[in-house]
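> Questions regarding the structure given below will be posed in turn.
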Amino acid sequence: MRSAPPGEGIVIGIDPGVARTGYGVLRRCDPYPTPLAFGCIETPSNHRPARRLLEIYEKISLLLDEYAPECLAMEQLFFSRNVTSAMHVSEARGVVLLAAEQRGIPVTEYTPNQVKLAVTGSGRADKHQVQEMMRRLLRLQELPRPDDAADGLAIALCHINMVR
């Protein structure tokens with residue numbers, strides 16, 4: 001889903017991951033934000049880790065150059081019991097932060113609970129509830145899929161709601 005040219009009032013939400021990095025691009029509009037793009041950057045598991053990070057960096061860079069956002073909102077690292085997984089996510093976060101910093105785009109981070117609370121009213125919402133709320137709040141015809149794309153949209157919408 002792509003439509004509008006780059007401009008002010010654009011926020012990109014990023015749900016970082018090595019296998020899939022979800023993104024959502026919203027333009028601030030009254031009364032409702034307008035979705036410009038959403039999807040996932042998927043990297044093949046048979047690629048070397050450095051190659052996967054390069055692919056994420058290159059695709060995030062293209063999004064940032066195309067939409068020239070005023071801000072990038074990203075999910076904070078949720079540290080679980082799986083240290084290896086958390087390390088891989090932190091590497092993906094690093095290349096996203098690098099791409100934003102190179103372009104002078106400020107980054108704001110939100111916890112998963114902050115995002116869920118901001119878009120569903122419950123910090124305990126599941127993936128399907130987030131997808132359904134994104135469909136309703138952004139007036140989409142279908143649920144945004146996969147759920148990483150919905151999370152990218154939710155992070156962007158959370159930021160828009162927090163700075164109003």
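Numbered by full-length UniProt numbering, the letters in the sequence shown go through residues 1 to 164 in order.
Note that CB positions come from ideal geometry on N, CA and C, so glycine has one too.
None of these values were measured; they are calculated from a predicted model.
Give the single residue among Gly123, Ile60, Ala37 and Ser61 whose Cα lies nearest to the Cα of Arg27.
The option with the nearest alpha carbon to Arg27 is Ala37.
> For the beta strand (DSSP E) that contains Thr97, what are its first and last residues?
Checking the sequence shown, residue 97 turns out to be Leu, not Thr. Where Leu97 is concerned, there is no enclosing beta strand (DSSP E), although the alpha helix (DSSP H) it sits in stretches over Val83 to Gln102.
> Under three-state DSSP, which class holds Val163?
Val163 falls in the helix class under three-state DSSP.
> Taking the DSSP output, what are the residues bridged to Tyr110?
Its beta-bridge partners are Glu75.
> Among Ala99, Leu63 and Gly94, which one has its Cα closest to the Cα of Gly24?
For the residues Ala99, Leu63 and Gly94, the minimum Cα distance to Gly24 belongs to Leu63.
> The alpha helix (DSSP H) that contains Leu54, what's its start and end?
Here the alpha helix (DSSP H) through Leu54 covers Pro49 to Tyr67.
> Name the two residues that bound the continuous beta strand (DSSP E) containing Glu142.
Unbroken run through Glu142: none, as it is neither H nor E.
> Under a three-way DSSP split, which group does residue 165 fall into?
This structure cannot speak to residue 165, because the chain is shown only from 1 to 164.
> Alpha carbon to alpha carbon, how far is Glu75 from Thr120? Give it in angstroms, no decimals.
Distance between the alpha carbons of Thr120 and Glu75 is about 16 Å.
> Below 8 Å on the Cβ atoms is my guess for Pro35 versus Leu138; work out the distance and round it to an integer in Å.
Right, their Cβ atoms sit about 5 Å apart.
> Taking just the CA atoms, how far does Val130 sit from Pro146?
Looking at the two C-alpha atoms, the distance is approximately 11 Å.
> What's the gap between the Cα of Glu132 and the Cα of Asp151?
Cα to Cα, Glu132 sits roughly 11 Å from Asp151.
> If we cut at 9 Å on Cβ distances, does Asn113 have a partner in chain C?
The displayed structure is made up of one protein chain only, and chain C is not part of it.
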